[in-house]
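*Asks:*
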Amino acid sequence: MTLAEHIHYMGPALTLFVGAALVLLADLVLGRRAATWGMALVVVAGGLAWNAAQALAGTSGEALSGSIVVDRFSIFVTFIIFVSAFAVIAAAREWLSRLDGDAEFLALLLISAGSMALLVQSNDLITLFVALETTSIAQFIMAGIAKTDKSAEAGLKYLLTGAVAAAVLLYGFAFLFGISGTVSLPGIAEFVRSGPESQRLPLILAFVFIAAGFGYKMAIAPFHAWAPDVYEGSPAPVASFLSVASKAAGFAVALRVFYTGLGGGDTFIAQDWAMLFGALAALSMVFGNTGALLQTNARRLLGYSSIAQAGNIAVGLAAVAAGSTMGPSGVLFFLGTYVATNLGAFVAVTAVAERLGTEEIEDYAGLMKRSPLTGGVLSICLLSLTGIPPTAGFIAKVYIFNGAIAADQMWLVGLVALAVVNTAISAFYYLRWVRTMWLDDPKDAVTFRPAGPTQAVLFVAAVGVLFFGMAPTWLITAAQRAAETLL
Amino acid sequence: MPPIPAIDELSVTLAHYLIVSGVIFGIGVVIALAKRNAVAVLMGVELMLNAVNLTLLAFSRFSSAFPAGEEPLTGHAFVVFVLTVAAAEAAIALALAVLVYRRRETVDLDRVNLLRW
């Protein structure tokens, strides 16, 4: 392989890394906030273009002596991550114009998104760990960057929990390395497929540790404690980036390790880790939904709701392991629709906070009269989070639950039943919020319009939610083709 | 009086290393979860990471037991990366701890509680 080919394989991530340096340089030379903001957008667009070029050219295979791999799966998830990074930067225009250190923030966000792209491409444990930590460390700084009391506290809490989770993950990696004798995921897969029954217990120990480490990234219970605090305390653009891109990368890398690395759904330990993710899914849904019922702060509610949604996605992970072919594509499709849904909701909440200076749900009373666009998009996104047709959230839930039932195992059917009950519980707090916006009277006659770029992001998010809800075929096909390359 | 065991019966095996590293990891977990001071939590995390390093090195050292027979330096290389990342993480952690201390005059996690439930 030539150097140019290696660079082409890592292109999307490299674009963002180089772009991060250029943004810092531009800030030094030009010193204009609009210029750095525009540049960051161009950089992410460049990364997306390179990603699209890889997809069109059908690039696939290993690079850097098998340390990274490009396939439809990595291209699909990279696309999700970069789209959310683009939307977050676009919607953060106003907030950035007030922030002390806006270029640093943009550079960190680019580094974080670039490392996520590298993370979903990584094909051995060392690359995976370094990429995971690079994206995490950038996020720790971003969470604390506003330097207010709440932001600093969110940053410190995010970091301390993240450091513990990383150490636990590493301990699992160390054992996986010790048992199988290799750090490359295909090598580990080969070892697991050879069916070493005597290594069953050490292997279970290793993947319990690994699941705990990834569970933190995905924000699934019982590794979720940081999520509501960080989503409420960190600056709004950071929270929206974490809730979408970080979660997508976490689930993608878990799919990669457990599906490719631990040999997919037909090995002797598949049933064990399927049960593990089933239990985590059940816990997440119950904790997330009961927690969300009690919340009065909009962002904190979205934090708990994202834990519950992670539980829904984890149902797909459990189905993966149980040998259901619909499992991985269900997870990918859910992640794709989740970008539009959750980002729309977070950006709408941010817009309200910018204009009305409040995040309490009772202050959303009569939002439809204040700003029809913000209220309308937020309503659509909340309906999608509940899973009501014709939104994308409905199709995504049906797809994932269908995949779990198709695995034809009693405990998975029970898990889906629990998920349906939880959907009913979640409808209570989502729809209560929608009712507040539509039916209650506003306290005063203040009306507002979000900033231009924010309006564009809101509009695109709503169109995405409705489009994937009514015409999901394209995204489902893409998700299925991406999932096929995993094994 | 029992006979003195031969030298190779006394030799340190993989199991010894794994037990020691497991104990260190356990101590690290307890410190990280029980201590209320942010800096003490960080020390717990460092213990956990070093336990991981010891595990990796032990596996690498006794790699003749490996089924796949990977070249024995992989574990050593992994350790170098773990050390590097741990240093970066500690730097950011201390910066954030200083930021919190400047604003709140404390890094006691029980009193850093604006965000709760």
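Going down the list, the protein sequences come from chains A and B. Residues in the first sequence are numbered from 185 upward in steps of one, following the numbering used here. Residues in the second sequence are numbered from 704 upward in steps of one, following the numbering used here. Even glycine gets a Cβ: it sits at the ideal position worked out from N, Cα and C.
#1: Which one of A:A322, A:A274, A:T318, A:L309 has the shortest CA to CA distance from T292 (chain A)?
#2: Which class does N686 (chain A) belong to by DSSP, given the choice of helix, strand or coil?
#3: Can you confirm whether L778 (chain B), when its beta carbon is compared against all beta carbons of chain A, has any partner nearer than 8 Å?
#4: Using DSSP with H/G/I as helix, E/B as strand and the rest coil, what is W820 (chain B)?
#5: Tell me whether V414 (chain A) is buried or exposed, calling it buried when 16 or more other Cβ atoms sit within 10 Å of its Cβ.
#6: So which of B:A790, B:F781, B:A796 has the shortest CA-CA distance to Y355 (chain A)?
#7: Please report whether the beta-carbon of I265 (chain A) lies at a distance below 8 Å from any beta-carbon of chain B.
#8: Name the chain B residues that come within less than 7 Å of V314 (chain A), Cβ to Cβ?
#9: Please check if any C-beta of chain B sits within less than 8 Å of the C-beta of V533 (chain A).
#10: Would you say D284 (chain A) lies against chain B (beta-carbon separation less than 8 Å)?
#11: Is the CB-CB distance between A247 (chain A) and E189 (chain A) below 8 Å?
#12: Report the three-state DSSP secondary structure of V352 (chain A) (helix, strand or coil).
#13: Name the chain B residues whose beta carbon is nearer than 8 Å to that of Y355 (chain A)?
#14: What does E792 (chain B) touch in chain A if you count any residue whose Cβ is under 9 Å from its own?
#15: Going by the DSSP bridge assignment, what does E246 (chain A) pair with across the sheet?
#16: Given that a residue counts as buried once 16 or more other Cβ atoms are within 10 Å of its Cβ, and exposed if not, what is W156 (chain A)?
#17: Would you report the Cα separation of S318 (chain A) and I795 (chain B), rounded to the nearest angstrom?
#18: For a quick check, are the C-beta atoms of K581 (chain A) and T607 (chain A) less than 8 Å apart?
#19: Kindly indicate if chain B contains any beta-carbon less than 8 Å away from that of E337 (chain A).
#20: Is G379 (chain A) close to chain B? Criterion is C-beta to C-beta, closer than 8 Å.
#21: If you run the structure through DSSP and keep just helix, strand and coil, what is D456 (chain A)?
#22: Is the segment 381-397 of chain A touching the segment 479-486 of chain A, taking contact as three or more C-beta pairs under 8 Å?
#23: Take V649 (chain A) and list the residues in its own chain whose beta-carbon comes closer than 8 Å to its own, dropping the five residues that flank it on each side.
#24: For a contact meaning CB atoms closer than 9 Å, what does A434 (chain A) contact in chain B?
#25: So with CB distances below 8 Å, who are the chain B contacts of D333 (chain A)?
#26: Give the DSSP bridge partners of E544 (chain A), in chain order.
#27: Taking S368 (chain A) and T534 (chain A) to be in contact with their CB atoms under 8 Å, please state how far apart those CB atoms are, rounded to whole angstroms.
#28: Any beta carbon of chain A sitting closer than 8 Å to that of A735 (chain B)?
#29: Between the Cα of V304 (chain A) and the Cα atoms of A:E546, A:P380, A:I252, which residue gives the shortest distance?
#30: How is the alpha helix (DSSP H) around E416 (chain A) delimited, first residue to last?
#31: Measure from the alpha carbon of R256 (chain A) to the alpha carbon of each residue in A:S249, A:A236, A:Q493, then state which is nearest.
#32: Considering only C-alpha positions, which residue in the set A:G379, A:A645, A:F435 is nearest to A403 (chain A)?
#33: 8 Å is my cut-off, CB to CB: does A358 (chain A) come that close to chain B?
#34: Establish whether the CB of I722 (chain B) and some CB of chain A are separated by less than 8 Å.
#35: Hey, T638 (chain A) and A219 (chain A): beta-carbon distance below 8 Å or not?
#36: Going by DSSP in three states, D811 (chain B) sits in which element: helix, strand or coil?
*Replies:* Reading it off the structure:
#1: Inspection of the sequence shows that residue 292 (chain A) is occupied by Leu rather than by Thr. The shortest Cα separation from L292 (chain A) among A:A322, A:A274, A:T318, A:L309 belongs to A:A322.
#2: Since the first residue shown for chain A is 185 and the last is 671, residue 686 (chain A) is missing from the structure and cannot be characterised.
#3: According to the sequence as given, residue 778 (chain B) is Gly; it is not Leu. Yes, its Cβ sits closer than 8 Å to a Cβ of chain A.
#4: For W820 (chain B), the pLDDT reaches just 45, beneath the cut-off of 50, and the residue's location in the model is therefore unreliable, although a value from the coordinates is still provided. W820 (chain B) falls in the coil class under three-state DSSP.
#5: buried
#6: Nearest option by C-alpha distance: B:F781.
#7: no
#8: F784, V788
#9: no
#10: Taking Cβ atoms only, chain B never reaches closer than 8 Å to D284 (chain A), which makes this a no.
#11: yes
#12: helix
#13: F728, M751, A754, V755, T758
#14: E317, S320, I321, F324, L343, G346, A347, A350
#15: A:V253
#16: The first residue shown for chain A is 185 and the last is 671, placing residue 156 (chain A) beyond what the model contains.
#17: Here residue 318 (chain A) turns out to be Thr, not Ser, going by the sequence shown. The alpha-carbon atoms of T318 (chain A) and I795 (chain B) are separated by roughly 12 Å.
#18: Yes.
#19: It does: the Cβ of E337 (chain A) has a partner Cβ on chain B nearer than 8 Å.
#20: no
#21: Secondary structure at D456 (chain A): helix, using DSSP grouped into helix, strand and coil.
#22: no
#23: T521, A524, T525, G528, I564, C565, S568, T575, A576, G577
#24: According to the sequence shown, residue 434 (chain A) is Gly rather than Ala. Correct list: empty, because the minimum Cβ distance to chain B is about 18 Å.
#25: By Cβ distance, chain B contributes R806, R807, L817.
#26: A:N481
#27: Not really, about 42 Å apart at Cβ, beyond 8 Å.
#28: Cβ-Cβ to chain A under 8 Å: yes for A735 (chain B).
#29: A:I252
#30: E416 (chain A) -> alpha helix (DSSP H) spans 410-417.
#31: Ranked by how close their Cα comes to the Cα of R256 (chain A), the residues A:S249, A:A236, A:Q493 have A:A236 in first place.
#32: A:F435
#33: yes
#34: no
#35: no
#36: Three-state result, D811 (chain B): strand.
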